[in-house]
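For what it's worth, our numbering labels the leading residue of the sequence shown as 1206, then goes sequentially. Note sheet for the following structure.
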Amino acid sequence: MLSIDDLDTPAILIDVDRAEANIARAQAHADRHSLKLRPHIKTHKLPYWAKKQIAAGAVGITCQKIGEAEVMADAGLTDIFLPYNILGRAKLERLKALHGRVTLSVTSDSMETLAGLAATFTDPGQPLQVLVECDTGMGRCGVQSASQAVALAREIDKAKGLAFGGLMTYP
1206 MLSIDDLDTP AILIDVDRAE ANIARAQAHA DRHSLKLRPH IKTHKLPYWA KKQIAAGAVG
1266 ITCQKIGEAE VMADAGLTDI FLPYNILGRA KLERLKALHG RVTLSVTSDS METLAGLAAT
1326 FTDPGQPLQV LVECDTGMGR CGVQSASQAV ALAREIDKAK GLAFGGLMTY P
């Protein structure tokens, strides 16, 4: 058997029992409070652990980048949320291709982001879910007022290939 002293560094070591207990504890907390858990994969970035989270009861996963979401989709994960504004033709085309493979939702916090989404997603039969990102005090990103959130939600509603999916904030 390999000893820890025999490992070449750097090396990644995972305490599987502890990781599985953490997944179970997070899901139990969500269940106790009737919350739908959608964990962010930014820590592990591994389909193996994302599938463990889904098996424990998570409704889907959150990925920060399109590339991460593509890897997860390739591994069979089917419900993915991207909480980062997507800009640029190449990324929007990748997003559209991904949307054809999985249940996908994204955020928008500006008319500029929304314009790109509306121009890319035009099929009312398969609308892209778009959540309005709201700044609730962290000063990171998101619309700054309720009136801005309402205005953006109304624009989402007007776009034939988009569907208003709710509000999102980074607490």
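Just so it is clear, CB atoms sit at the ideal spot from N, CA and C, and this is done for glycine as well. Model, not experiment: these values are computed from the prediction.
Is the CB-CB distance between Pro1244 and Thr1267 below 8 Å? yes
Do Ile1271 and Ala1278 have their beta-carbon atoms positioned less than 8 Å apart in this structure? no
Taking only three categories from DSSP, how would you classify Ser1313? strand
Should Ile1361 go down as buried or exposed, given a rule of 16 or more other Cβ atoms within 10 Å for buried? buried
Out of Ala1274, Leu1282, Glu1225, Arg1237, which one is the CA nearest neighbour of Ala1261? Glu1225
In whole angstroms, what is the alpha-carbon distance linking Lys1247 and Lys1363? 33 Å
Measuring CB atoms only, is the segment 1227–1242 touching the segment 1206–1215, in the sense that at least three cross pairs come out at less than 8 Å? no
So what does DSSP say about Ile1266, is it helix, strand or coil? strand
On the CB-based measure, 16 or more other CB atoms within 10 Å of its CB, does Ser1350 come out buried or exposed? exposed
Does the Cβ of His1234 have 16 or more other Cβ atoms within 10 Å, making it buried, or fewer, making it exposed? exposed
If the criterion is Cβ atoms closer than 8 Å, does the pair Gly1366 and Ala1302 meet it? no
Where the alpha helix (DSSP H) through Ala1224 begins and ends: 1221–1237
Per DSSP, which one or two residues make a beta bridge with Glu1298? Answer is none; Glu1298 lacks a bridge partner.
Pick helix, strand or coil for His1249, following the three-state DSSP scheme. coil
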